[in-house]
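One structure below.
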Amino acid sequence: MTVCARLSVVVAGLVLALAACGGSGNQEKVTMDDQQAVARAEELVQQALAAMSPKPTPKQDGRYGADTCLADSGDTDRKQVHVSYRFEGVPGSAGRQLVRQVRDAWVALGYKFQDGSSDGDWSDPRTSVHMRTVSDDYWMTMSNSVTDPATGDGVAYIIVTSPCYVPKTADGSPSPSAQGLSSVTADEASEQRVLAHSSRIYDALRVPHSATVGAQLRTVEDGGATYVHHAWATEPLPADRAARAFARTREYLTQADWRVRTAPGRLVALHPADEVVAQLVSAPDGALQVGVTGPAVPVLRAEA
Numbered sequence: 002m003t004v005c006a007r008l009s010v011v012v013a014g015l016v017l018a019l020a021a022c023g024g025s026g027n028q029e030k031v032t033m034d035d036q037q038a039v040a041r042a043e044e045l046v047q048q049a050l051a052a053m054s055p056k057p058t059p060k061q062d063g064r065y066g067a068d069t070c071l072a073d074s075g076d077t078d079r080k081q082v083h084v085s086y087r088f089e090g091v092p093g094s095a096g097r098q099l100v101r102q103v104r105d106a107w108v109a110l111g112y113k114f115q116d117g118s119s120d121g122d123w124s125d126p127r128t129s130v131h132m133r134t135v136s137d138d139y140w141m142t143m144s145n146s147v148t149d150p151a152t153g154d155g156v157a158y159i160i161v162t163s164p165c166y167v168p169k170t171a172d173g174s175p176s177p178s179a180q181g182l183s184s185v186t187a188d189e190a191s192e193q194r195v196l197a198h199s200s201r202i203y204d205a206l207r208v209p210h211s212a213t214v215g216a217q218l219r220t221v222e223d224g225g226a227t228y229v230h231h232a233w234a235t236e237p238l239p240a241d242r243a244a245r246a247f248a249r250t251r252e253y254l255t256q257a258d259w260r261v262r263t264a265p266g267r268l269v270a271l272h273p274a275d276e277v278v279a280q281l282v283s284a285p286d287g288a289l290q291v292g293v294t295g296p297a298v299p300v301l302r303a304e305a
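Just so you know, the sequence shown maps onto residues 2 to 305 in the working numbering.
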């Protein structure tokens, strides 16, 4: 059985499994407060805006501010900032042009393409670029959301995501309850690859993740093979909002060259290059449940 075929079997049994199990990945001890994290994200937005011509008006869109770290399983206090804007006040035909201008500015500033990502497809009006800062590992996505398929006109969006960080206490020291590190049972590169894809799906959904159901990063063995599985859920959503989030995610995956299949209330996609499988499932309470699974190399590490 091929890796992709085995993955489809494993994912079927994992996509709804959100019980606490396994580690929470590579947890570097980045320490800052929410204001610092938001300020840095806003600085990156302003860098992007400075590169744009014609000059649009940024409007907050979707998530903004600090929330729990998506990669953690809920047993730490680490946090993460998400800042999202859409750019209005310019012709729809300028959307793809703005994405290219920002991409060029990011390259000039020395930022790198995210792992597993490549340059935008400039022949595609729905093109997007995914890059990161080198010094502090902020992730940025700039994309053109097409509003008129006939012309390619659209609205440009930017999403900036901070690294997960330990929040400072009043005296400036790290929060004590966030110091413990879980053991890691898969190689770091595999975990980061799965988490990167999961984060991009989160960005595409543009809705908050559940405050009650923690994200789970698990290592799973099946048929002699090892996989990393990241599972999480959004907050319960009204039907119309869930449908829009579902459609945005399908559009993102399609334009990012995933092989996408849909059924009522469910989406399954394969990233051929990374052999990563993603599933998006509508739950009865209106939440959207996400599972991202990829092949891994098992590694034993002592708990910190």
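Where a beta carbon is used, it is the ideal one built from N, C-alpha and C, also for glycine.
Requested in this report: Would you identify the three-state DSSP class for Leu238, choosing helix, strand or coil?
Outcome: Here residue 238 refers to the residue found at position 237 when the sequence shown is read from its first residue. Note: Leu238 maps to coil in three-state DSSP.
Query - C-beta atoms of Leu110 and Gln48 nearer than 8 Å - result: The sequence position of residue 110 within the sequence shown is 109, counting from 1. The sequence position of residue 48 within the sequence shown is 47, counting from 1. Yes.
Requested in this report: Measure the C-alpha to C-alpha separation of Tyr112 and Met132 and round it to an integer number of angstroms.
Outcome: The residue given as residue 112 occupies position 111 in the sequence shown. The residue given as residue 132 occupies position 131 in the sequence shown. About 7 Å.
Query raised in the report: Of all the options Val298, Asp34, Arg207, Ser54, which has the alpha carbon lying nearest to the alpha carbon of Glu89?
Result: Taking the sequence shown and counting its residues from 1, the one referred to as residue 89 is at position 88. Ranking the options by Cα distance to Glu89, first place goes to Ser54.
**Report entry** Ordered list of beta strand (DSSP E) runs contained in the segment 55–126, each at least 3 residues
**Finding:** 58–69, 80–89
Requested in this report: Return the chain-ordered list of same chain residues with a C-beta closer than 8 Å to the C-beta of Ile202, the five sequence neighbours on each side being excluded.
Outcome: Taking the first residue of the sequence shown as position 1, residue 202 is located at position 201. Excluding sequence neighbours, Ile202 sits near Thr250, Tyr253, Leu254, Ala279, Leu281, Val291, Val293.
Report task. Please classify Thr220: does DSSP put it in a helix, a strand, or coil? Result -> What you label residue 220 is simply residue 219 of the sequence shown in a count that begins at 1. Thr220 falls in the strand class under three-state DSSP.
**Report entry** Inter-residue Cα distance where the pair is Ala51 and Gly121
**Finding:** Within the sequence shown, numbered from 1, the residue matching residue 51 stands at position 50. Within the sequence shown, numbered from 1, the residue matching residue 121 stands at position 120. Those two C-alpha atoms are separated by around 20 Å.
Query raised in the report: Where does the unbroken beta strand (DSSP E) through Ala49 begin, and where does it stop?
Result: Residue numbering aside, residue 49 sits at position 48 when the sequence shown is read from its first letter. No beta strand (DSSP E) contains Ala49, which is instead part of the alpha helix (DSSP H) from 35–51.
Query - Cutoff 6 Å; reference Ala106; Cβ partners in own chain excluding five residues on either side - result: Reading the sequence shown from its first residue, position 105 is the one you call residue 106. Ala52.
Query raised in the report: Where do the ends of the alpha helix (DSSP H) carrying Ala197 lie?
Result: Sequence index remark: in the sequence shown, residue 197 carries index 196 (1-based). Counting along the chain, the alpha helix (DSSP H) containing Ala197 begins and ends at 189–206.
Query raised in the report: Just checking my contact of Pro86 with Tyr158 at CB under 8 Å: how many whole Å lie between their CB atoms?
Result: For this step, residue 86 is matched to residue 85 along the sequence shown. For this step, residue 158 is matched to residue 157 along the sequence shown. The sequence given here places Tyr at residue 86; Pro does not occur at that position. Their Cβ separation, rounded to whole angstroms, is 7 Å, which keeps Tyr86 and Tyr158 in contact under 8 Å.
Report task. On a CA-only basis, which of Asn145, Ser136, Tyr65 is nearest Gln98? Give me that one, please. Result -> Taking the sequence shown and counting its residues from 1, one reaches residue 98 at position 97. It is Asn145 whose Cα lies nearest to the Cα of Gln98.
Requested in this report: Select from Pro92, Val39, Lys56, Val229 the residue whose C-alpha is nearest the C-alpha of Ala67.
Outcome: Mapped onto the sequence shown, residue 67 falls at position 66. It is Val39 whose Cα lies nearest to the Cα of Ala67.
Query raised in the report: In its own chain, which residues sit with a C-beta less than 6 Å from the C-beta of Phe114, not counting the 5 before and 5 after it?
Result: As a first step, residue 114 must be located in the sequence shown, where it is residue number 113. For Phe114, where only same-chain residues beyond five positions count, the Cβ hits under 6 Å are Met132.
Query raised in the report: Below 8 Å, can you find three or more Cβ-Cβ pairs linking the segment 231–248 to the segment 191–210?
Result: yes
Report task. Take Thr32 and list the residues in its own chain whose beta-carbon comes closer than 7 Å to its own, dropping the five residues that flank it on each side. Result -> The residue you call residue 32 lines up with position 31 of the sequence shown. Tyr166, Val167, Lys169, Pro175, listed in sequence order.
**Report entry** C-beta contact flag for Ile160 and Asp188 at 8 Å
**Finding:** The residue labelled residue 160 in the question sits at position 159 within the sequence shown. The residue labelled residue 188 in the question sits at position 187 within the sequence shown. Contact: no.
Query raised in the report: Which residue's Cα is closest to the Cα of Val298: Pro273, Ala226, Met143?
Result: Along the sequence shown, one-based indexing puts residue 298 at 297. The option with the nearest alpha carbon to Val298 is Ala226.
Report task. Can you tell me which of the three DSSP states Thr294 falls into? Result -> Within the sequence shown, numbered from 1, the residue matching residue 294 stands at position 293. In this structure, Thr294 counts as strand in the three-state DSSP scheme.
Query - Residues near Gly287 in its chain [Cβ-Cβ closer than 8 Å; skip 5 each side] - result: Taking the sequence shown and counting its residues from 1, one reaches residue 287 at position 286. The residues are Pro237, Leu238, Pro239, Ala240, Ala243.
Query raised in the report: Just the Cα atoms here: how many angstroms apart are Asp149 and His198?
Result: Counting from 1 along the sequence shown, the entry for residue 149 is found at position 148. Counting from 1 along the sequence shown, the entry for residue 198 is found at position 197. If I take the Cα positions, the gap works out to 27 Å.
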